[in-house]
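Engineer:
Residue numbers (this note's numbering), protein chains in the order written: chain Y, 351 to 1023; chain F, 1205 to 1423.
(1) In the DSSP assignment, find the unbroken beta strand (DSSP E) run with residue 966 of chain Y in it and report its ends.
(2) Look at the alpha carbon of residue 877 of chain Y and the alpha carbon of residue 680 of chain Y, and state the distance between them as a whole number of angstroms.
(3) So if I threshold CB-CB distances at 7 Å, which residues from the segment 1306–1325 of chain F count as touching chain Y?
(4) From the DSSP secondary-structure annotation, give me the bridge partner or partners of residue 410 of chain Y.
(5) Determine, for residue 1351 of chain F, whether the minimum Cβ-Cβ distance to residues of chain Y falls below 8 Å.
(6) For residue 598 of chain Y versus residue 696 of chain Y, is the C-beta spacing smaller than 8 Å?
(7) Name the residues in the segment 1271–1300 of chain F whose C-beta lies less than 9 Å from a C-beta of chain Y; which are they?
(8) Could you tell me the alpha carbon to alpha carbon distance between residue 629 of chain Y and residue 639 of chain Y, rounded to whole angstroms?
(9) Could you pull out every residue in the same chain whose Cβ sits closer than 6 Å to the Cβ of residue 1282 of chain F, ignoring the five residues on either side in sequence?
(10) Report the option in Y:891, Y:843, Y:660 whose CA atom is closest to the CA atom of residue 784 of chain Y.
(11) Show which residues of chain F have a CB atom less than 9 Å away from the CB atom of residue 467 of chain Y.
(12) Hey, residue 374 of chain Y and residue 852 of chain Y: beta-carbon distance below 8 Å or not?
(13) Please report how far the alpha carbon of residue 1019 of chain Y lies from the alpha carbon of residue 1336 of chain F, in whole angstroms.
(14) For residue 1023 of chain Y, return the contacting residues in chain F, with the cut-off set at a CB-CB distance below 8 Å.
(15) Apply the 10 Å Cβ neighbour rule to residue 376 of chain Y and answer buried if 16 or more other Cβ atoms are within range, or exposed otherwise.
(16) By the 10 Å Cβ neighbour count, where 16 or more other Cβ atoms means buried, how is residue 655 of chain Y classified, buried or exposed?
(17) What are the residues in the segment 986–1001 of chain Y lying within 7 Å of chain F by C-beta distance?
(18) Pull up the CB-CB distance for residue 633 of chain Y and residue 577 of chain Y, whole angstroms please, since I reckon it's below 8 Å.
(19) What does the Cβ neighbour count give for residue 927 of chain Y, buried or exposed, with the cut at 16 atoms within 10 Å?
(20) Buried or exposed for residue 552 of chain Y, please, with buried defined as at least 16 other CB atoms from any protein chain shown within 10 angstroms of its CB.
(21) Quick one: complete alpha helix (DSSP H) runs, 4+ long, within the segment 707–788 of chain Y?
(22) Using a beta-carbon distance below 8 Å, is residue 351 of chain Y in contact with chain F?
(23) Would you report the Cα separation of residue 601 of chain Y and residue 794 of chain Y, rounded to the nearest angstrom?
(24) Taking only the alpha-carbon atoms, compute the straight-line gap between residue 418 of chain Y and residue 1364 of chain F and give it to the nearest angstrom.
(25) To be precise: take each residue of the segment 1325–1348 of chain F, compare its Cβ to all Cβ atoms of chain Y, and keep it if any distance is under 8 Å. Which residues remain?
(26) Is residue 476 of chain Y helix, strand or coil by DSSP?
(27) Need the endpoints of the alpha helix (DSSP H) that residue 584 of chain Y sits in, please.
(28) Look up residue 975 of chain Y in the DSSP assignment and say whether it is helix, strand or coil.
(29) Can you confirm whether residue 782 of chain Y, when its beta carbon is compared against all beta carbons of chain F, has any partner nearer than 8 Å?
(30) To the nearest angstrom, report how far apart residue 362 of chain Y and residue 388 of chain Y are at their CA atoms.
(31) Can you give me the start and stop residues for the alpha helix (DSSP H) that residue 951 of chain Y sits inside?
(32) Could you give the C-beta distance for residue 1356 of chain F and residue 1286 of chain F, rounded to a whole number, given that I count them as a contact under 8 Å?
(33) Check whether the Cβ of residue 1016 of chain Y lies closer than 8 Å to any Cβ atom in chain F.
(34) Per DSSP, which one or two residues make a beta bridge with residue 1222 of chain F?
(35) Counting Cβ pairs, one atom from each stretch, are 3 or more of them under 8 Å apart for the segment 452–461 of chain Y and the segment 837–855 of chain Y?
(36) If residue 754 of chain Y and residue 744 of chain Y are in contact, beta carbons under 8 Å, what's the gap, nearest whole angstrom?
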């Protein structure tokens, strides 16, 4: 297999960064986008070839990195992630062309974005510990730069970037420890050598490495309780960057968990996978719940990323669990479902973040309580958001449905087969999936209903205009992918199957037969997405036709009258009478009061004359992150106390510093004696 | 030079190096301290000279001349000019008073003998026996830096550390290569020049050369 595509990807990515850095402002973004596309297309072609043939692509060079050299091995599993990243990157950079005038055309941003994309394209192709860590760190640093783009204008950006930097580096150090530990035991730092030696490792080393990797990669994937950076960094990053972070970067956390857990260590005891499933369940529920109650559009999307990554983790945990209990066929289906959920998430979350960015550009706000009526003013963005929202709510005939259907199938059919652990974990997983689905639907009914329907709630929303064509097109590209993947998932399933067969030992070559119908090997489930879509379309047309018909008939009898809706006796209807995002989420918030712990503030001031009449009522509510508040804040507080104490050690006196040195020297000498 | 004369002259010269270090702790007048430093520089050079003559090593003799010129003449002269510019040139109130400093110097000398025992055992020559003196000089220099308030005293402390290290180097290796000694001497000279400039700046800006007065600057 030729490794030309990896070389071209790296060179084109580098050229894009140089172009973004060196060219004058007018041509900078266009050139960077063009070169980035070159990198994406080269990577896409290479990855598709790997997926088609099933042979890994190998690149070895000792000249690029000092000491360790570069080892790249792109296997089918990595290729899946490369394809996802490339497609999301093409759409996001297309969007960037239109978005550039909104603060993303500086030299730093134009150089950081191509580097970010290129490093994400190459991370899944890394074949040794050093190469992987280099690319991983490059990805973390370039994305940090992108989060910081708006820091001059917005104070919150700096704090968000700080959270992101700390979390991503804590995660990176956990990954570093895990991988270095494995390579030290293997005596060689290539993944191939680690894989061979992993069988002989003592259990303690294997467990520690897996848990460290789970923490490190979990923090990148936004798994609860390591998700805290997600709802801060995603909203603050410029929208093309948030789409890339949420659509492509978090996936690599998932890739890492599969890489270490399945590929390097070759699977492990059931409790590993129970832990992964538990983390997935908690992430899915916590993310969905916060998404349902958030009023900031991008924060909502960020929490929903945690929710979707939770679902993917449930799939991966289930796959590992079935594999250890001796059901490789079901394990393969669970793995395919996890990968399909990842692909789907990239498509719909990418389109949602991009269209949320369009909304922010057009209205100047991303607070749902200040939006409304955008479907009429921004029809294309509105439709794109609608498609993304329906897909994420897992409604047929869109892609979210197929992914969740597969996950449900694997979980439900795994139920009667095996051990106690599985018997407990699976029903809990299914219940969590069901609840998550409901909450996600509520979140997006809120986002679409409040944001795009009704009447505008602010001046910005009332005067919004459709964004430039390239921005519409970038978002629409990914929404189109949602539809295609929903109607004909067969175009990606063989590739995912190949990747899953590689990950799950002993999996059958064809775990699902996908033609027009989707049949699962050894299971009862059958799904024909295209027929389903056709049926739905037919039903839709039929309903419209019948309505027309009925209207025509009624038209003959009574003339159609259009009147203002009844406003409880009030004459004037204002936009303030509509449901807001806050009021829509209020019932849910009440139900989950103990988990969400919202801060409520009710101020009632009475007229001076009589307490029976109120002058005004002020109601404020805000929902913080319980985990951030109860886990991270005390931790930060402890570090601060420690820092304050350490500060007492240095008071600026030269003599004291010299005395420290002398005392240490004397103590060391005394110890030697 | 006979064996005993060689040994006793080496012992005396090395002893003078340590005694000068103690003198810098004992005297309060800055000009006296700088004079003690000059004597120490010369004594250090003499140590190198004795070793060079004893081993018939021309390069070591050249190094010895260089040491006497740099540490015995040039550096003390530079420091002397700083001291001359400061009328209140006394270490009026060191952080640790003089008797306690002397006791400390004694304790540090004991520590030096204790800590270098194993090194001495490795080098069974007259020069090897004297290594603890260099070590003690270095520790006393460090101590002087930590407990003295005047900028000049601190520079002197730093130079004591350097002299102590140089003495250990001469005694333990029987001759530092010329190039290394040249490099080290130039480094020290440069440090002294920089410190002298800084001291002059301090003097013109604040009218004191007392480091404690500079505490205000650290925020």
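By construction, the Cβ of each residue, glycine as well, lies at the ideal position given by its N, Cα and C atoms. From a predicted model like this one, the values you see are computed outputs, not experimental measurements.
Structural biologist: Judging by the given coordinates:
(1) 964–972
(2) 17 Å
(3) 1315, 1318, 1319
(4) Y:421
(5) yes
(6) yes
(7) 1299
(8) 15 Å
(9) 1396, 1400
(10) Y:660
(11) Neighbours of residue 467 of chain Y on chain F: none; closest Cβ ~44 Å, over 9 Å.
(12) no
(13) 13 Å
(14) 1315, 1318, 1319, 1321
(15) exposed
(16) buried
(17) none
(18) 7 Å
(19) exposed
(20) exposed
(21) 724–727, 729–742, 749–764
(22) Low confidence applies here, because residue 351 of chain Y scores a pLDDT of 48, under 50, leaving its location unreliable; read the following figure in that light. Not closer than 8 Å to any Cβ of chain F, the Cβ of residue 351 of chain Y fails to qualify, so no.
(23) 22 Å
(24) 45 Å
(25) 1343, 1346, 1347
(26) strand
(27) 580–586
(28) coil
(29) no
(30) 6 Å
(31) Careful: residue 951 of chain Y lies outside any alpha helix (DSSP H), inside the beta strand (DSSP E) at 949–956.
(32) 6 Å
(33) yes
(34) Paired residues: none, contrary to the question.
(35) no
(36) 5 Å
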